[in-house]
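Student: Handing you this structure, nothing more for now.
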Amino acid sequence: MLVALAHACIRNEYSNLKENTLKKRLDFGSHAVKDAFCQCPSYDILVDVIVNKGGINKLKDLCKATPGIPMNPMLAHPAKGIDEILKRCGQSEFACEYKYDGERAQR
Numbered sequence: 544m545l546v547a548l549a550h551a552c553i554r555n556e557y558s559n560l561k562e563n564t565l566k567k568r569l570d571f572g573s574h575a576v577k578d579a580f581c582q583c584p585s586y587d588i589l590v591d592v593i594v595n596k597g598g599i600n601k602l603k604d605l606c607k608a609t610p611g612i613p614m615n616p617m618l619a620h621p622a623k624g625i626d627e628i629l630k631r632c633g634q635s636e637f638a639c640e641y642k643y644d645g646e647r648a649q650r
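Going by the numbering used here, the first residue of the sequence shown is number 544, and it counts up by one from there.
Spelled out as structure tokens, the structure:
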């Protein structure tokens, strides 16, 4: 749902871009929307920022942890694979654990 929201917004705003540039915008938008939702898990706030307060580019500034909005016990930043985790963590130390439905790395 988050990726679909991002793609709809990007395609609406940048309908005349070439395919290669559009793909980069779609990737950026998807990441921005997912990251914002991890920080502030409220579709009401997310959609309001996108529609009324500056679009996807303002999500990082305006979608923050907010009193009164329940947080998940652990704010996760989903990754597509181990390579992405290693890239994100760089030289930082982190712990890994086995899970039946995937992998988890934690700093």
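We put the beta carbon where it would ideally sit given N, CA and C, even for glycine.
In chain order, which continuous runs of the alpha helix (DSSP H) of length 4 or greater are located wholly inside the region 587 to 614?
Tutor: Listed in chain order, they are 602 to 605.
Student: For a quick check, are the C-beta atoms of residue 585 and residue 546 less than 7 angstroms apart?
Tutor: The sequence position of residue 585 within the sequence shown is 42, counting from 1. The sequence position of residue 546 within the sequence shown is 3, counting from 1. No; because the gap between Cβ atoms is not below 7 angstroms, this pair is not in contact.
Student: Would a C-beta distance cut-off of 7 angstroms place residue 594 and residue 601 closer than the cut-off?
Tutor: Taking the first residue of the sequence shown as 1, we reach residue 594 at position 51. Taking the first residue of the sequence shown as 1, we reach residue 601 at position 58. No, the pair does not count as a contact, with Cβ atoms beyond the cut-off.
Student: Excluding the five sequence neighbours on either side, which residues of its own chain have a C-beta within less than 8 angstroms of the C-beta of residue 633, listed in chain order?
Tutor: By 1-based counting over the sequence shown, the position of residue 633 is 90. So no residue of the chain qualifies.
Student: Rounded to whole angstroms, what is the Cα-Cα separation between residue 639 and residue 571?
Tutor: Counting from one through the sequence shown, the residue named residue 639 turns up at place 96. Counting from one through the sequence shown, the residue named residue 571 turns up at place 28. Rounded to whole angstroms, residue 639 to residue 571 spans 27 angstroms at the Cα level.
Student: Using the Cα positions of residue 552 and residue 599, report the straight-line distance between them to the nearest angstrom.
Tutor: The count along the sequence shown starts at 1 and reaches residue 552 at position 9. The count along the sequence shown starts at 1 and reaches residue 599 at position 56. Computed Cα separation, rounded: 8 angstroms.
Student: Would you mind stating whether residue 582 and residue 607 have Cβ atoms separated by less than 7 angstroms?
Tutor: Taking the sequence shown and counting its residues from 1, the one referred to as residue 582 is at position 39. Taking the sequence shown and counting its residues from 1, the one referred to as residue 607 is at position 64. Yes; because the gap between Cβ atoms is below 7 angstroms, this pair is in contact.
Student: Are there 16 or more other CB atoms within 10 angstroms of the CB of residue 588, so buried, or fewer, so exposed?
Tutor: Within the sequence shown, numbered from 1, the residue matching residue 588 stands at position 45. It counts as buried.
Student: Just the Cα atoms here: how many angstroms apart are residue 604 and residue 643?
Tutor: To locate residue 604, count along the sequence shown from 1; it is residue 61. To locate residue 643, count along the sequence shown from 1; it is residue 100. For residue 604 and residue 643, the distance between alpha carbons rounds to 36 angstroms.
Student: Apart from the five residues on each side of it in sequence, which residues of its chain come closer than 6 angstroms, Cβ to Cβ, to residue 629?
Tutor: Start at 1 with the first residue of the sequence shown, and residue 629 comes out as number 86. Excluding residues within five positions, none has a Cβ falling inside 6 angstroms.
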